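Asks: In the working numbering, the protein residues as written are 10 to 229. Even glycine gets a Cβ: it sits at the ideal position worked out from N, Cα and C. These figures come from a predicted structure and were not determined experimentally.
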């Protein structure tokens, strides 16, 4: 049996014997450093993406006003981010509930498509089945290279959906495919920090959409 260590997270735990006081101090220092890195990345990304967030929110608000719905997708940890965003839009703590659905929410459909037609098509086939203009597709990927998301974005553009991507590193295939209208890139090589900042971008996008919808309602 192989032992999966924790050195990739806390290398000092695997480095040798430590007394409990020293180990707890090292853990606290490490946690504080990770938190500081996360805050810096989140703030810098939100600042650099502020105008793009507003542009995307304007287009999303117009589509919601025209009867559009939001569909979200992602793999692994990003699937939980996609599900959380769909829930935030459809069950907001304040503001207007908006129609939103996570494409990872139905295990039967996801596993049937993965088994019958291939995992690369699990999202694009759902886009074909459920979505139409003026709907919106948002995809989460830490690498930007998720093949099933790229296929879904390609299908979404064929159907005139608004496409929004959240990626890490340098954007990967999501930046190169030409099917993503608004791509928010978290420039980091840490999966943990990327996902934390992508969550913040999702919340910022929701707030901007709610603000735009409120302004549109007030102008009537």
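Would you report the Cα separation of residue 124 and residue 112, rounded to the nearest angstrom?
Replies: Counting from 1 along the chain shown, the entry for residue 124 is found at position 115. Counting from 1 along the chain shown, the entry for residue 112 is found at position 103. Looking at the two C-alpha atoms, the distance is approximately 16 Å.
Asks: According to DSSP, simplified to helix, strand and coil, what is residue 125?
Replies: Position 116 of the chain shown holds residue 125. Here residue 125 sits in helix by DSSP.
Asks: For the 8 Å Cβ check, are there 3 or more pairs between the region 181-196 and the region 101-115?
Replies: no
Asks: Whole angstroms is fine: what's the gap from residue 156's alpha carbon to residue 83's?
Replies: Against the chain shown, residue 156 aligns to sequence position 147. Against the chain shown, residue 83 aligns to sequence position 74. Looking at the two C-alpha atoms, the distance is approximately 11 Å.
Asks: Excluding the 5 residues flanking residue 105 on each side, which residues of the same chain have their C-beta closer than 7 Å to its C-beta?
Replies: As a working note, residue 105 is residue 96 in the chain shown. Same-chain partners within the cutoff: 219 and 222.
Asks: Counting only C-beta atoms, is residue 193 closer than 8 Å to chain D at any point?
Replies: Chain labels in this structure do not include chain D; a single protein chain is all it has.
Asks: Could you check the C-alpha separation between residue 29 and residue 43 for me, to the nearest Å?
Replies: Working through the chain shown from its first residue, we reach residue 29 at position 20. Working through the chain shown from its first residue, we reach residue 43 at position 34. In this structure, the CA atom of residue 29 is about 21 Å from the CA atom of residue 43.
Asks: Could you check the C-alpha separation between residue 188 and residue 103 for me, to the nearest Å?
Replies: Here the question's residue 188 lines up with position 179 in the chain shown. Here the question's residue 103 lines up with position 94 in the chain shown. When rounded, the distance between both Cα atoms is 32 Å.
Asks: For residue 120 and residue 167, I'd like the C-alpha separation in whole angstroms.
Replies: For this step, residue 120 is matched to residue 111 along the chain shown. For this step, residue 167 is matched to residue 158 along the chain shown. Roughly 25 Å between the two C-alpha positions.
Asks: How is residue 85 classed by DSSP in three states: helix, strand or coil?
Replies: Within the chain shown, residue 85 is the residue found at index 76, counting from 1. Three-state DSSP puts residue 85 in coil, outside helix and strand.
Asks: Specify, as a first and last residue, the run of the alpha helix (DSSP H) that residue 162 falls within.
Replies: What you label residue 162 is simply residue 153 of the chain shown in a count that begins at 1. Residue 162 -> alpha helix (DSSP H) spans 156-167.
Asks: Over the uninterrupted alpha helix (DSSP H) stretch that includes residue 62, give me the two end residues.
Replies: As a first step, residue 62 is located in the chain shown; it is residue number 53 there, counting from the start. Looking at the DSSP string, the run of the alpha helix (DSSP H) that includes residue 62 is 59-74.
Asks: What span of residues does the beta strand (DSSP E) with residue 110 cover, start to end?
Replies: In the chain shown, the residue the question calls residue 110 occupies position 101. It spans 109-111 - the beta strand (DSSP E) in which residue 110 sits, taken as one unbroken run.
Asks: Within 10 angstroms of the Cβ of residue 194, are there 16 or more other Cβ atoms? Answer buried if so, exposed if not.
Replies: As a position in the chain shown, residue 194 is number 185, starting the count at 1. By the 10 Å Cβ count, residue 194 comes out buried.
Asks: For residue 191, write down the residues that DSSP places opposite it in a beta bridge.
Replies: The residue labelled residue 191 in the question sits at position 182 within the chain shown. Note: residue 191 sits in a beta bridge opposite 173.
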